[in-house]
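Comments concern the structure below.
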Amino acid sequence: MKLRVLYFARLRERFGVAEESVELAGSTAADLIAQLQARGGVWEEELAPGRAFRVAMDQEIVALDAVLYDNAEVAIFPPVTGG
Amino acid sequence: MKLRVLYFARLRERFGVAEESVELAGSTAADLIAQLQARGGVWEEELAPGRAFRVAMDQEIVALDAVLYDNAEVAIFPPVTGG
Amino acid sequence: MKIVVQTEVFDLGAEVNAMSHGRTDIGAIASFVGLARDMNEGSGVQAMTLEHYPGMTEKALVMLVEEANTRWTLLDVTLIHRVGRLQPGDPIVLVAVASSHRGEAFAACEFIMDALKTRAPFWKKEETAEGERWVDARVSDDTAVARWEKIP
Amino acid sequence: MKIVVQTEVFDLGAEVNAMSHGRTDIGAIASFVGLARDMNEGSGVQAMTLEHYPGMTEKALVMLVEEANTRWTLLDVTLIHRVGRLQPGDPIVLVAVASSHRGEAFAACEFIMDALKTRAPFWKKEETAEGERWVDARVSDDTAVARWEKIP
């Protein structure tokens, strides 16, 4: 499936990209993370198990086992620090 | 001893007096209350045991066993309802 | 610290701005405004008059704020209470507390309001269609202030 | 209910007055202003930039306020969060909650702030003498929001 993937804050800066289109082989948020990690470098580092990041689908935080769908808007970002 | 006695809110209205000078025979706040109660009428009614009123000496709430002193400012008023 | 009893209306925005003006160490300002309502105990209130005990009021308010200062690390407190005749919708009391962190600002602000309700010598008399009546102290106010006894 | 994300400064006094204007049923307005501090984690902050996730932010804020509305009986809520570059001393966030009674106004206001800190997609980047740094999420914010889970 094809996903619109957004990155924010520190992750946006480290990855050097704010938004991209990703062709996902798997079906869950965990599959997407694994596929991005496989790019190596900062991707492997920032998305490694134990690193604190959040995944949102259609603008709501989801768990890693969430099932994605074609054309979904997925965002990956650090824990929030507003207010 | 001689006391300056103030009344506030509902008690001021019921007693029809805001401030008076009282010559107290006893020594405690309870003695003062008993002496005022002995006036009968609204005094007896409003200061009866079980009625909710507060006594302050020198502008701080005190218990009925508080020992008063000559020329003290004593105030008797209903439970407060500000804010 | 600013503690005032007045008949005039107060200005929340101006008071809070005055607290933070020129400062860069305040992270949080919790504030509260209590207003006169048109209903109380199920009947319509047309107006109310707030009476107080001049002298004791100021002392009691200073003590409340000083107690808040010992319990929490605060940077500033403003407390304004109106007296005299008020209409429904009119603001009665303002409490604003500045601190580095929001938890302390919220706790101190609520503590001051709860303590004020049971310890500061103000009395409300309401005007209703049935005539005037003095407002009775609320059990819920005693319960509210008692919560703070449990804090170490 | 008013929920806004904006770069412009907000006016606490105007927002709170707008909530109570023409109403006589509001007894309590609890409000909170969070400000940019010149110190964080022990080092000097010269400025900060707030980034957010447009679209999700507004959704998340509406959800927080709706949750507060189901937990407490509220009459109105205003929530304004700024984004962009801010200086120490600048206001960042405003939450104001109107209710008939103060306990509900205080609880809902603090809940919204605590929930916002962990659930709304805002991120702070600070400029210090040593360079820029993204602010890490605080464990104390998780602890603060977790308190509300226990409320029935």
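Residue numbers (this note's numbering), protein chains in the order written: chain A, 1 to 83; chain B, 84 to 166; chain C, 167 to 318; chain D, 319 to 470. Virtual Cβ for every residue (Gly too), placed ideally from N, Cα, C. Nothing here was measured: the structure is a model prediction, and the numbers come from that model.
Quick one: is the Cβ of residue i within less than 6 Å of any heavy atom of the ligand FMN?
i	result
H370 (chain D)	The ligand FMN is absent from the structure shown, which contains no ligands of any kind.
Quick test of your reading: residue i and residue j, contact by CB under 8 Å. State the CB separation rounded to the nearest angstrom.
i	j	result
F77 (chain A)	P439 (chain D)	6 Å
F272 (chain C)	E428 (chain D)	5 Å
D343 (chain D)	M205 (chain C)	7 Å
F176 (chain C)	I278 (chain C)	In fact, because the Cβ distance is near 15 Å, the residues do not count as touching under 8 Å.
L382 (chain D)	E422 (chain D)	Going by Cβ atoms, the distance from L382 (chain D) to E422 (chain D) rounds to 16 Å, so no, they are not a contact pair.
G82 (chain A)	L434 (chain D)	6 Å
E102 (chain B)	R122 (chain B)	Wrong, their Cβ atoms sit about 16 Å apart, outside the cutoff.
A426 (chain D)	A386 (chain D)	4 Å
V415 (chain D)	A348 (chain D)	5 Å
Could you name the residues of the same chain whose beta carbon sits closer than 8 Å to that of residue i, not counting the 5 residues immediately before and after it, in chain order?
i	result
S27 (chain A)	M1, V67, L68
I33 (chain A)	L47, V55, L64, I76
L404 (chain D)	A354, A365, M366, T367, L368, I410
A25 (chain A)	D31, Q35
D58 (chain A)	A72, E73
R451 (chain D)	K443, E444
V143 (chain C)	Outside the displayed range of chain C (167 to 318) lies residue 143 (chain C), so it cannot be described from this structure.
S306 (chain C)	none
S104 (chain B)	K85, L86, R87, V88
A303 (chain C)	T284
Less than 7 Å between C-beta atoms, sequence neighbours within five positions excluded: which residues of the same chain meet that for residue i?
i	result
R355 (chain D)	V363, P406
L36 (chain A)	W43, L47
R64 (chain B)	Outside the modelled stretch of chain B, which goes from 84 to 166, sits residue 64 (chain B), for which no answer is possible.
D308 (chain C)	T284
P378 (chain D)	In the sequence on display, residue 378 (chain D) carries Ala and not Pro. Excluding positions up to five away in sequence, the list reads R437, A438, P439.
D153 (chain B)	M84, K85
G16 (chain A)	none
R12 (chain A)	A18
T446 (chain D)	S361, G362, V363, Q364
How is the alpha helix (DSSP H) around residue i delimited, first residue to last?
i	result
M185 (chain C)	178-186
Taking residue i as part of the beta strand (DSSP E), name the residues at either end of that continuous run.
i	result
Q172 (chain C)	168-172
F77 (chain A)	73-77
G50 (chain A)	Element bounds for G50 (chain A): n/a, residue is neither H nor E.
E96 (chain B)	Element bounds for E96 (chain B): not the beta strand (DSSP E) but the alpha helix (DSSP H), 92-98.
A38 (chain A)	Run containing A38 (chain A): none; DSSP gives neither H nor E here.
I344 (chain D)	Here I344 (chain D) belongs to no beta strand (DSSP E), and DSSP marks it neither H nor E.
T111 (chain B)	Looking at the DSSP string, T111 (chain B) is not in any beta strand (DSSP E), and its letter there is neither H nor E.
A213 (chain C)	213-218
V175 (chain C)	Segment: none, V175 (chain C) is in no beta strand (DSSP E) and carries neither H nor E.
V62 (chain A)	60-62
Between the Cα of residue i and those of the options, spot the shortest distance and give me the residue it belongs to.
i	options	result
E224 (chain C)	C:T244, C:E293, C:A194, C:T309	C:T244
E45 (chain A)	A:V62, A:G83, A:L6, A:R10	A:R10
V80 (chain A)	A:I61, A:N71, A:D70	A:I61
V380 (chain D)	D:G340, D:S417, D:A336, D:V413	D:V413
R237 (chain C)	C:T284, C:K290, C:T173, C:S265	C:S265
A462 (chain D)	C:R248, C:V171, C:H267, C:V249	C:H267
E448 (chain D)	D:K442, D:S361, D:D459, D:V334	D:S361
G340 (chain D)	C:D256, C:H218, C:K168, C:V170	C:D256
F136 (chain B)	C:E233, C:T284, C:T294	C:T284
M337 (chain D)	C:D280, C:M185, C:R313, C:G200	C:G200
D432 (chain D)	D:V453, D:T446, D:W466, D:V415	D:W466
V334 (chain D)	D:D394, D:E384, D:M374	D:D394
Going along chain F in order, which residues have a C-beta closer than 9 Å to the C-beta of residue i?
i	result
W452 (chain D)	The question asks about chain F, but that chain is absent: this structure's protein chains are A, B, C and D.
Give me, in chain order, the residues of the same chain whose beta-carbon lies closer than 6 Å to that of residue i; leave out the 5 immediate sequence neighbours on both sides.
i	result
F8 (chain A)	F77
E106 (chain B)	K85
L89 (chain B)	E102, A158
K168 (chain C)	T244
M374 (chain D)	P439
G50 (chain A)	none
- Scan the region 386-464 of chain D and note each continuous beta strand (DSSP E) run of 3 residues or more that stays entirely inside, going in chain order. For the region 386-464 of chain D, the full-length beta strand (DSSP E) segments reaching 3 residues or more read 394-400, 402-404, 409-417, 440-446, 449-452 along the chain.
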